[in-house]
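Accompanying notes for the structure given below.
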Amino acid sequence: MTSNYKEKGFTLVELMIVIAIIGILAALALPAYQDYTSRTRVAEPVTLLRAMKAEIQNYFADNGSFPTVSELNVYAGPQVTSGEFTASITDGGSGIYVATMKNAVGGRINNSTVALHFTTTTGGLVEHSCRPGASNPVPNEFLPWECRL
Numbered sequence: 451m452t453s454n455y456k457e458k459g460f461t462l463v464e465l466m467i468v469i470a471i472i473g474i475l476a477a478l479a480l481p482a483y484q485d486y487t488s489r490t491r492v493a494e495p496v497t498l499l500r501a502m503k504a505e506i507q508n509y510f511a512d513n514g515s516f517p518t519v520s521e522l523n524v525y526a527g528p529q530v531t532s533g534e535f536t537a538s539i540t541d542g543g544s545g546i547y548v549a550t551m552k553n554a555v556g557g558r559i560n561n562s563t564v565a566l567h568f569t570t571t572t573g574g575l576v577e578h579s580c581r582p583g584a585s586n587p588v589p590n591e592f593l594p595w596e597c598r599l
């Protein structure tokens, strides 16, 4: 007696090939995803620094010098100096404000810094620039374009 039954399904080799392909794709995608989340997290301290920009310029116009973070809090009211990924914003010198990332936000950006620098031109205009911090700077690839060196 002969059977017309035809077996259906995948062989073990075919399943192993599919699993290997999925593993290779995951190995390629994971670092890209981690870089993407790090860039997103670095956007927070840069945004907090930018939020202080107008008040710093107003203080300079009124007083002729750049304020410390404490002076800015008295002048313009409490400033937001921390967040979900930002540990603090502190003074880094005259016209320099440094945001420090928290410790557990991502391997290469833990405790790293980004800074907002204010300067005056010969005409008395106030200019600012965003840069990596002086100590433990945020790696360039995670900074917004305007903050990269």
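Residues 451 to 599 (my numbering) make up the sequence shown, in order. For every residue, glycine included, the Cβ atom is placed at its ideal position computed from N, Cα and C.
Straight-line spacing of the CA atoms in A482 and R489 works out to 11 Å.
Spatial neighbours of R558 in its own chain (CB-CB distance under 8 Å, excluding positions within 5 residues in sequence) are listed in chain order as S488, P589, F592.
Taking a contact to require three or more Cβ pairs closer than 8 Å, the region 573-590 and the region 550-564 qualify as touching. For A554 and V468, the gap between their C-alpha atoms comes out near 35 Å.
Taking 8 Å as the cut-off, the Cβ atoms of T550 and A537 count as close. By the C-beta density criterion, P528 is exposed, having fewer than 16 other C-beta atoms within 10 angstroms.
In this structure, DSSP gives V588 a state outside helix and strand, which the three-state scheme calls coil. Rounded to whole angstroms, the gap between the alpha carbons of T531 and K503 is 13 Å.
For I559, the secondary structure class from DSSP, reduced to helix, strand or coil, is coil. DSSP places V548 in the uninterrupted beta strand (DSSP E) bounded by 546-551.
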